[in-house]
Structure formats: structure tokens, C-alpha cells
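In terms of the numbering used here, the sequence shown has 178 at position 37, counting the first letter as 1, and numbering is strictly consecutive.
The beta carbon of each residue, even a glycine, is placed where N, CA and C say it ideally should be.
Everything below concerns the one structure shown next.
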Amino acid sequence: MELWEVALSGAALLVGLKSLRVWLDNRALNAELQRRETNVATVYLNGIGIGSLPISQHRAMLAEARRDPRLYLHQAGNLLYMAGILIGKGIGNVPKLWAMVLVACLIFAPTEMADLVQLSQTQLPQLSGEQVVTGLQSLLSTSLIISYLVLMLEFVMFPQATRYGYRDVFNDAVSFALRKEFEAPAHGEVEVRYWEAAAQDAQA
Numbered sequence: 142m143e144l145w146e147v148a149l150s151g152a153a154l155l156v157g158l159k160s161l162r163v164w165l166d167n168r169a170l171n172a173e174l175q176r177r178e179t180n181v182a183t184v185y186l187n188g189i190g191i192g193s194l195p196i197s198q199h200r201a202m203l204a205e206a207r208r209d210p211r212l213y214l215h216q217a218g219n220l221l222y223m224a225g226i227l228i229g230k231g232i233g234n235v236p237k238l239w240a241m242v243l244v245a246c247l248i249f250a251p252t253e254m255a256d257l258v259q260l261s262q263t264q265l266p267q268l269s270g271e272q273v274v275t276g277l278q279s280l281l282s283t284s285l286i287i288s289y290l291v292l293m294l295e296f297v298m299f300p301q302a303t304r305y306g307y308r309d310v311f312n313d314a315v316s317f318a319l320r321k322e323f324e325a326p327a328h329g330e331v332e333v334r335y336w337e338a339a340a341q342d343a344q345a
């Protein structure tokens, strides 16, 4: 597999994981709404309550946002932007990975490291330039795969995808409408909570 294929595949997998998580969260939210009798949602701006509205109205606003084809283009652009950040993050982690392995080998296996250096001094001059480049490509591909596996683990354990540039443009559109409706400041994070006990945000 070529290096660019490894990078693109890793980023696509992480973006797919985020999309799957959003879908699963929506299913869980719908199931919880059916179980509870709550019908009023509270709107917060930067953690401060600014008003309330019927849950059905909020869901209708989300449905209306999803009918806007322009938002789908914006969401696709945001996912591409997120994929670019993930590709850069995966590549940027490779030198850190190499440095960690080098330090670990020098500390915990100095004898084996010395043997490896001696072996490379005797073997590398016998290799052609093409063989050296092929070996480096294999090493880099393996490092990228490990880097994306670490990113995937981080993605699962800490699923706040906004750290990677993700924005839910449908939810942002509804948040903008809610700011206008409640005459709230234009800046800040809007969250809509369907119930206080769970402190769970309504997701688009």
C-alpha cells in the first residue's frame, strides 16, 4: 500500500467512526425521548440558561435544517477539512513515535541497539539506493499505521471531535436561529438540554 493510501485510509476510517458515533448517539437520544415524559428543552449559552422551548419545536428546527441542501455541502467541506487535519496529525505523530522508540531502546535495550547500529554500518553500504528507499517506505508505512491506530484509540476514548475541526453545521444553523429567537449574543456555545438529570445535549 502506498503512503498516501495509508494516510487517506486512516483519515477516512476516523471520519467514518465519527459519523457512526453521531448516528448511534441520535438513536440513543430518540430512545431516551420515548422513555421519558419530558417535553420541554432548556437552551444554554456558555452554560447559562437563556430560555426554553418545546422539544418538538427544536426537533422540527433540526429537521428543517436537514432539508437545506447548502448545509450538506458545508458539512461535506467540514468533513474534508477534518480529514486533512487527521492526515496531518497522523503524519506529525510519526517523528514522535520514532523518538519514543529510540529513547526506549537506548534505555531498556542498549546492547541490542549497539548491535543494530553495527549491523547497519556493515549492511547499508551493500544495499542499492532503491533498496534503501523501499526499506524506508516500508518503515514509514508501518509507522503511519501505528500512528493512526493510536489516533483511533484516542478517538474512541475521547470522542470530542471538535478537537479535530469537526462542526455539526446543522446544529450550528439551529443554534444561530435560537440566538436570534432569544436575542442572545452572537458568540458562544449553544447547547439544548432535553433533561437536566442526564445533562445530555441534544445533538443534530
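Look up SER193 in the DSSP assignment and give the residues it is bridged to.
THR183
Determine the burial state of GLU332: buried for a count of at least 16 other Cβ atoms within 10 Å of its Cβ, exposed for fewer.
buried
Would the stretch 193-213 and the stretch 277-287 be scored as touching if the rule is three or more Cβ pairs under 8 Å?
no
By how many angstroms is the C-alpha of VAL291 removed from the C-alpha of GLY329?
32 Å
Would you list the residues sitting across from VAL331 in a DSSP beta bridge?
LEU186
In whole angstroms, give me the CA-to-CA distance for GLU96 and GLU271.
Only positions 142 to 345 of the chain appear in the structure, and residue 96 is not among them; the question remains open.
Alpha-carbon to alpha-carbon, ARG334 and GLY218:
28 Å
Apart from the five residues just before and just after GLN216, which ones in its own chain have a Cβ nearer than 6 Å to its Cβ?
VAL310
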